[in-house]
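Just so you know, we're using my numbering here: the sequence shown kicks off at 85 and counts up by one. Where is the CB? At the ideal position from N, CA and C, for every residue including glycine.
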Amino acid sequence: MELRQIGTSDVMATPIVFGAWAIGGWLWGGTDDDKAMEGINAAIDAGINAIDTAPVYGFGHSERVTGEAITGRRDEVFVFTKCGLRWESDDGQHHHDTQDQTGQDVSIYRNLSRDSILWECERSLERLGIDQIDLYQCHWPDETTPIKEAMGALVELLDQGLIRAIGVSNFTPEMIDECLAYGPVHCSQPKFSLLSRDHLDGVIAWCHERDIASIVYSSLEQGMLTGKVTPDREFGEGDQRLDKGGWFTVENIRRANAVLDEVVQPIADAHAATLAQVSLAWTIAAPGITCALAGARNAEQATENARAMHIDLSDEQYGQIREAFWRLEGP
Ligand SMILES: NC(=O)c1ccc[n+]([C@@H]2O[C@H](COP(=O)([O-])OP(=O)(O)OC[C@H]3O[C@@H](n4cnc5c(N)ncnc54)[C@H](OP(=O)(O)O)[C@@H]3O)[C@@H](O)[C@H]2O)c1
């Protein structure tokens, strides 16, 4: 399996990257740390060579669990994390109010000021127990900080060797274009799944033309594309899918599962694969997509998701899946 270059950086990642949001617990109805660490180790054992986390995932928890899980295996894995969502200070642009994984009220602010980025980088290195972050990404744009200032701080960190590559997430092409005036942008991290396709012809195509990697998030549509979300599926307290509309209404779960059953299942059978594996295999075969982030809570999910890297869909199968999902109206 071919590694994929993250933009013009020297980071060469596997097309499936372990997504470490759920193992932070926050917005995912809690988490089990032992299972999470087994999940990360199983992902590495199955050939995945990168993990994507963020300080805000469980308010430091995901980074700490990731750091502990990779102890002794640092040379086998790239660590991607983020900056710019703060919960211990109310400087910057209000992002949203939430409750942490213990039920405490928390207000999150977008803050990409120089001081904040440098402060956050130190904390992330500490929690992760590493001395260099392989890819450091601005989590969300912050309208209270000029892009010039944020990029200046990231270039400083790059020059000091504290980070190895620069990324942005949830940025528009116009914002990324402005970033490029002040330094390199090696990757963009937008949302993409077969059920959420808006960015494919937008920021993903735009980045592809400029040698900027696209590492896409929620590529299993938060579990929906595994076929394991049924209308009677019960989610734990605090799980964002519990009261979310979007694809998680009873009617939309049925519509999505109908396409999985009718179109994806026969293709999965032909590859002795699962629906999750075929959905991920399609995503990493799509033009402009460098890597797909696949969240997993345990070893079973991580191992299953990693196998998607070894499934080669024929052009006909790729086309059948594309056509079926493109016909499906959004929620
Ligand atoms: N930059 C951003 O703003 C942003 C936003 C969102 C996500 N992300 C990144 O992208 C990563 C992936 O996105 P995501 O976590 O939102 O969603 P996802 O990868 O689409 O879905 C992950 C969830 O699906 C279920 N799942 C995964 N593999 C499975 C399998 N093989 N069988 C059955 N269920 C399975 C698990 O939840 P259950 O077991 O509970 O069903 C898991 O937590 C995140 O971890 C994070 O690194 C970034």
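Judged by DSSP in its simplified three-state form, A378 adopts strand.
Linking T155 to T137 through their CA atoms gives a straight-line distance of about 16 angstroms. Shortest Cα-Cα distance from A369 to any of I100, I90 and I192 involves I100.
Close CB contacts of R158 within its chain, under the 8 angstroms cut and outside five residues either way in sequence, are with I214 (chain order).
Annotation: Q216 is outside any alpha helix (DSSP H) and is labelled neither H nor E by DSSP. N389 has its CB nearer than 8 angstroms to a heavy atom of ligand 1.
When DSSP assignments are scanned along the region 184 to 242, the uninterrupted stretches of alpha helix (DSSP H) that are 4 or more residues long and fall wholly within it turn out to be 198 to 212.
Counting the other CB atoms within 10 Å of its CB gives K232 a total below 16, which places it among the exposed residues. Ligand 1 approaches Y141 closely enough that one of its heavy atoms is under 8 angstroms from the residue's Cβ. Rounded to the nearest whole angstrom, the CA to CA distance from V252 to S398 is 32 angstroms. Checking the DSSP bridge columns, you'll see L264 has no partner listed. Going by DSSP, I135 is part of the beta strand (DSSP E) stretching over A134 to D136.
Contact between the region 312 to 319 and the region 285 to 303 is absent: fewer than three C-beta pairs spanning the two stretches fall below 8 angstroms. With respect to the C-alpha of Q177, the residue from Q244, M308, G245 and L196 having the closest C-alpha is L196. Here L169 carries a strand assignment [DSSP, helix/strand/coil]. The shortest CA-to-CA distance from R198 to any of E206, S191 and I192 is the one to E206. For S208 against P139, the beta-carbon gap comes to about 6 angstroms, under 8 angstroms, which counts as contact.
When DSSP reads this structure, W112 sits in a beta bridge with D323. With fewer than 16 neighbouring CB atoms inside 10 Å of its own CB, P350 falls in the exposed class.
The criterion of a C-beta distance shorter than 9 angstroms is not satisfied by L219 and A265. Only exposed fits G320, as fewer than 16 other CB atoms lie within 10 angstroms of its CB. The alpha-carbon separation between T98 and I135 amounts to approximately 10 angstroms. For R411, no pairing in a beta bridge is given by DSSP. Judged by their CB atoms, I124 and A104 are nearer to each other than the 9 angstroms cut-off.
At the C-beta level, R88 and A297 come within 9 angstroms of one another.
Of the residues T92, L111 and G91, the one whose Cα lies closest to the Cα of K328 is L111.
In the assembly as shown, G187 is an exposed residue. Its beta-carbon has fewer than 16 other beta-carbons within 10 Å. Sequence-distant Cβ neighbours of D282 in its own chain, meaning closer than 6 angstroms and more than five residues away, do not exist here.
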